[in-house]
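In my numbering, each residue carries its 1-based index in the sequence shown increased by 5.
Structure first, then comments.
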Amino acid sequence: MDKNQCSVLWHKTLEIIKNQVSPANFRTWFANTACLEIGEGKIIIAVPHAYVKNQLATKLKDTLADAISQIFGQTLEVEIRIDQSLNYKRVEEDGANFEMVSQPIFKSPSLGLNSKYTMENFVVGLSNNLAYAAAQQVIQNPGLSYNPLFIYGGTGVGKTHLMQAIGNALVFKNKQTKIIYCSSEKFMNDFIESIQSKKTNEFRNKYRLADLLLIDDIQFISGRDSTQEEFFHTFNELQTKNSQVVLTSDRPPNDIQKLEPRLASRFQGGLMVDIQLPDFDTRVAILRAKCQEKGDILEENILTLIAENMNTNARELEGKLVQFLQMVKLNNLPLNEETVRSFLGKPSLLPKQLDYKKVILGINQYFSIKMADITGPRRKKELVLPRQIVMYLLYQECKLPYARIGELLGGRDHTTIMHGVEKVGEAISRDREVQRILLEIKQALQN
Ligand code: ADP
Ligand code: MG
6 MDKNQCSVLW HKTLEIIKNQ VSPANFRTWF ANTACLEIGE GKIIIAVPHA YVKNQLATKL
66 KDTLADAISQ IFGQTLEVEI RIDQSLNYKR VEEDGANFEM VSQPIFKSPS LGLNSKYTME
126 NFVVGLSNNL AYAAAQQVIQ NPGLSYNPLF IYGGTGVGKT HLMQAIGNAL VFKNKQTKII
186 YCSSEKFMND FIESIQSKKT NEFRNKYRLA DLLLIDDIQF ISGRDSTQEE FFHTFNELQT
246 KNSQVVLTSD RPPNDIQKLE PRLASRFQGG LMVDIQLPDF DTRVAILRAK CQEKGDILEE
306 NILTLIAENM NTNARELEGK LVQFLQMVKL NNLPLNEETV RSFLGKPSLL PKQLDYKKVI
366 LGINQYFSIK MADITGPRRK KELVLPRQIV MYLLYQECKL PYARIGELLG GRDHTTIMHG
426 VEKVGEAISR DREVQRILLE IKQALQN
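As structure tokens, then:
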């Protein structure tokens, strides 16, 4: 069979598969494949690397075989070869009418946006769910819900990602939306340049006509008096027109040195949300998502092990993951825990589940209370939250059953424990204080 025919039939096969697997799975496992040969009861397909081959030969074997037999009317033996050049190829190049499931490519009046940052590929967890929810609000009601939205937090935690995701989501809703994304330094340089070249009008037209202005790392505006003045007016004008402003910073407005008080107060006038370092579960989820994006597959125990040993931000996690995968491929190493340990450079003997005594002790220390207060019968108000947090962590982290937790906590009924666990579970999604406490305790317990 000639190449063209192969290609057409392979596309038909992929069309069937596409309806059977999730878009993410399709993109990861099938998008960069090709058909090399069909004949003699056999089909030879090419995939970009060994991970894909393994996946197609195991978990996706039946899906693949079914689709092939539907198209060819018979079962074919499947041979899978690896062709690294496929890494750079997309099936749509073959000219067939094939819609890729990837992010939309924007052609719009937006400036500076990078379409790789989306809401869909932003992993949500305890450390960033409020910021994520706020971003969603802004996308639903730009200019009306929170203006400005002020996102702050340490380096590498996803501020730029989330901010750009807002921009990309709004472009997606309406291609005509005028969006500007830039760092505060770019804003400043543009401004200074406009003064020098006597084009301040142009500068103003550009920034003040935006429907959405995203200024990244606003803290660098510190001490720049004329830029602050200009930004103040830009901001006011945008706000009057209900144009949305989103700002990020490495710290809250009040902690930015040499920031004009009137700007600080503007920044606080909308919604301020912080993003913290990802907790363990979020780290695992981020690693998993990044693997998927890259088309690599790592078993859960490997992801867990990396996450356990890297109590750090998303950027470093991703960096380490890339290094790890490169090293594995370059040296053809087995993908097992041993390889991870030697890569991370320290043996990890951390038990996966926390020891319950350690948890109780950690909470006592955190709240500066005594064991007897936790287990005792007293119904003092200030003991309610610590007790419920103990219940929650013993349940979630130590995986103890309700009844056992009841015993440990001075013979409480299992329904009481259940109630406590639920209470904290609910509070997590809306109570900033509870979130912070949990994160801090978890972090203390990991050390
Ligand atoms: P910041 O602006 O806070 O310094 P970035 O937004 O640049 O951090 O994030 C650093 C890297 O980590 C980026 O590649 C980003 O896509 C990734 N990242 C951060 N947070 C998340 C998240 N929650 N989900 C997926 N990727 C994330
Ligand atoms: Mg950033």
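Think of the CB as a built atom: it goes at the ideal place given N, C-alpha and C, for glycine as much as any other residue.
With 16 other CB atoms within 10 Å as the buried threshold, where does residue i fall?
i: R288; result: buried
i: Q440; result: buried
i: N259; result: exposed
i: D418; result: exposed
i: I110; result: Residue placement at I110 cannot be trusted, given a pLDDT of 36 that sits under 50; the coordinates are not used to answer.
i: Q10; result: exposed
i: T239; result: buried
i: K112; result: Confidence at K112 is low in this model, with a pLDDT of 42, below 50, so the placement of that residue should be treated as unreliable; the coordinate-derived value is given next. Counting Cβ neighbours within 10 Å, K112 comes out exposed, since fewer than 16 surround it.
i: K8; result: exposed
i: V333; result: buried
i: V327; result: exposed
i: K263; result: exposed
i: T165; result: buried
i: T420; result: exposed
Find out if the Cβ-Cβ distance for the pair residue i, residue j is shorter than 8 Å.
i: I220; j: F237; result: no
i: Y137; j: L276; result: no
i: T68; j: Q297; result: no
i: V176; j: L91; result: no
i: V395; j: I365; result: yes
i: Y122; j: Q169; result: yes
i: I311; j: V162; result: no
i: S434; j: N134; result: yes
i: K58; j: I85; result: yes
i: Y157; j: P257; result: yes
i: L359; j: E402; result: yes
i: R267; j: L243; result: no
i: L308; j: R293; result: yes
i: I374; j: I446; result: no
i: N316; j: E342; result: no
i: S189; j: I223; result: yes
i: F155; j: S270; result: no
i: L335; j: T344; result: no
i: Y397; j: G415; result: no
i: L252; j: P406; result: no
Report the partner residues of residue i according to the DSSP bridge assignment.
i: V278; result: I156
i: K17; result: Its beta-bridge partners do not exist; DSSP assigns none.
i: A51; result: A39 and R86
i: V389; result: V389 is not bridged to any residue.
i: D221; result: S188
i: Q2; result: For residue 2 there is no data in the structure shown, the boundaries of the chain being 6 and 452.
i: S150; result: In the DSSP output, where bridge partners are listed per residue, S150 has none listed.
i: L338; result: DSSP lists no partner for L338.
i: L118; result: According to DSSP, which records beta bridges pairwise, L118 is partnered with nothing at all.
i: G161; result: Its beta-bridge partners do not exist; DSSP assigns none.
i: G44; result: K47
i: S481; result: Residue 481 is absent from the model: the chain starts at 6 and stops at 452.
Please determine, among the options, the residue with the shortest C-alpha to C-alpha distance to residue i.
i: M124; options: P257, I144, L131 and Q440; result: I144
i: L65; options: V83, L264 and R320; result: V83
i: N318; options: K211, D284 and L308; result: D284
i: L218; options: E198, Q273 and C187; result: C187
i: V13; options: A39, I87 and F348; result: A39
i: T182; options: S227, L116 and E190; result: L116
i: W15; options: N206, N337, F77 and E45; result: F77
i: E45; options: N37, S27, T80 and L131; result: T80
i: V128; options: K385, E20, L19 and E323; result: E323
i: G228; options: L388, E265, S120 and E387; result: E265
i: I50; options: I73, P28 and A29; result: I73
Kindly examine the ligand HEM and report whether one of its heavy atoms sits closer than 7 Å to the Cβ of residue i.
i: T160; result: Inclusion of the ligand HEM in the displayed structure is not the case, the ligand content consisting of the ligand ADP and the ligand MG alone.
Please report whether the beta-carbon of residue i lies at a distance below 8 Å from any beta-carbon of chain C.
i: H238; result: Checking the listed chains, one finds no chain C in this structure; it contains a single protein chain.
(message) Closer than 8 Å is the cut-off here; do at least three beta carbon pairs connect the region 190-204 with the region 223-236?
(response) yes
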